[in-house]
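Colleague: Anchor point for the sequence shown: position 232 equals 1171 in our numbering, and the numbering is continuous, going up by one each time. The structure's right below; bear with me while I get my questions together.
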Amino acid sequence: MDTPALRPVEFDLPAPTTAAQCPATTGRAWARVPEPLPPAHKAETMGRIRELLQSRGAVLVAHYYVDADVQELAEATGGCVGDSLEMARFGRDHPADTLVVAGVRFMGETAKILSPHKRVLMPDLQATCSLDLGCPAEDFSAWCDAHPDRTVVVYANTSAAVKARADWVVTSSIALDVIADLHARGERILWAPDRHLGSYVQRQTGADMLLWQGACIVHDEFKGTELELLRAEHPHARVLAHPESPQAVLAQADVVGSTTQLIDAARKLDASHFIVATDQGILHKMRAAAPGKSFIAAPTAGNSATCKSCAHCPWMAMNELAGLVRVLEHGDNEITLDPALGQRARRPIDRMLAFADARRQRVRASGDLARDMALYQHVGPA
Ligand code: 13P
Ligand code: SF4
């Protein structure tokens, strides 16, 4: 068998919070370069995946950043395409015995933690995340030990071992609400790993937070100064940004939110043009949700730069149709977890899901269904 092509991916290691343990500030991982199917094979392969999902009693749970064909398949076969919170909920609640998670490793692990008796398969188990890589469990645990008086809140983009050490897990769609609630109760926070999401939430809530210094290799590339220039070229465009983006970008955003919340904003806001600061995989669903509107990629480098980031996660790109066929045919790439670790990691995730359910009920009771569909934050450009 041919060795798959690999591309190196540089990512940040945390500093200075764990400088003692992690003297380096960048690390290197690998992502497999996807091999697109010849168009003649695509329809046949998609048909095969549909058959296999049915015959194996499996359901496909996909993220918005994966290949558009995989998203289409998930929807057409009764699965789901969603943000991290929705993927977790859907996998937990769906009766299928086998979940096929098209996303990155932490999403598959979360599905397994919430459904330990289900089989959880992934097209490629090496599909990871720079936030997860940048927050090794041992270093993180030492940091928690050094701050025993703080409530530990971790982003979903972490390993099961890191989640097992946390009081709360949050996703981008609920981080602000959870921290605001903890702050109102007088709790001081230890936050990991995304520094941009952490400082955004800190600025919005005024909470006392110590931040781990991880970053997403995709969102970290968006540039504030270049965005200002682009906004000047498109003065009527609204800016939609994922909170993993740097502060200089978030300060110019009309809406900051999770992937689902950004898609919802594109549909609901009264504007014809949007500048989008998140992984470009989202554009497939955004265009479908808001036909006739125009979407412009937020800049990742200056006009004179020789290298521009493609704003597409190299690990999300590893979720290919061929990989789906392989796992469904052979049951490869199953997520396994130590049950005791899974149980410990489950507590803070359940806490988040209960919080999200209560929030949804409150919003429903208030009759504001539009808000239930989109709890995104309008911050408005600075
Ligand atoms: P969402 O939960 O907003 O989908 O984000 C997940 C992610 O990894 C963004 O980079
Ligand atoms: Fe992780 Fe960034 Fe990829 Fe999301 S886009 S999975 S945060 S590396």
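Idealized CB from N, CA, C, for every residue including glycine.
Does DSSP classify Asp951 as helix, strand or coil?
Modeller: The answer is strand: DSSP assigns Asp951 an E or B state.
Colleague: Could you tell me which residues DSSP puts in a beta bridge with Glu1273?
Modeller: According to DSSP, Glu1273 bridges with Leu1060.
Colleague: When DSSP labels each residue in this structure, what does Ile1353 get in the three-state scheme?
Modeller: Nothing about residue 1353 can be read from this structure; the chain reaches only from 940 to 1321.
Colleague: Whether or not the stretch 1181-1191 and the stretch 1254-1266 are in contact is what I'm after, with contact meaning three or more pairs of Cβ atoms, one per stretch, closer than 8 Å; do they touch?
Modeller: Result no; under three Cβ-Cβ pairs closer than 8 Å.
Colleague: Going by the beta-carbon positions, is the gap between Pro1278 and Pro1087 smaller than 8 Å?
Modeller: No, they are not a contact pair.
Colleague: Tell me whether Ser1023, by its Cβ, gets closer than 7 Å to a heavy atom of ligand 1.
Modeller: Indeed, a heavy atom of ligand 1 lies less than 7 Å from the Cβ.
Colleague: Tell whether a beta-carbon distance below 8 Å holds between Ala1205 and Met1225.
Modeller: The answer is yes: Cβ separation under 8 Å.
Colleague: His1269: buried (16+ other C-beta within 10 angstroms of its C-beta) or exposed?
Modeller: Exposed, because fewer than 16 other Cβ atoms sit within 10 Å of the Cβ of His1269.
Colleague: With a threshold of 7 Å (Cβ to nearest heavy atom), would Leu1064 be considered close to ligand 2?
Modeller: No - ligand 2 has no heavy atom lying nearer than 7 Å to the Cβ of Leu1064.
Colleague: On a CA-only basis, which of Ala982, Thr1049, Val1109 is nearest Val1091? Give me that one, please.
Modeller: Looking at the Cα atoms, Val1109 is the closest of the given residues.
Colleague: Helix, strand or coil for Thr1144? Go by DSSP, reduced to three states.
Modeller: It is helical.
Colleague: Would Ala1114 and Val1093 be called neighbours here (beta carbons separated by less than 8 Å)?
Modeller: No, Cβ-Cβ distance for Ala1114 and Val1093 is not below 8 Å.
Colleague: Starting from Ile1323, follow its DSSP beta bridges and name the residues at the other end.
Modeller: The structure shown does not extend to residue 1323, since the chain spans only 940 to 1321, so no value can be given for it.
Colleague: So, Ala1240 versus Ser1248, is the Cβ gap smaller than 8 Å?
Modeller: Yes, the pair counts as a contact, with Cβ atoms nearer than the cut-off.
Colleague: Are the Cβ atoms of Gln945 and Arg971 separated by less than 8 Å?
Modeller: With the sequence shown as reference, residue 945 is identified as Leu, and Gln is not the correct amino acid for it. Result yes, Cβ atoms of Leu945 and Arg971 sit closer than 8 Å.
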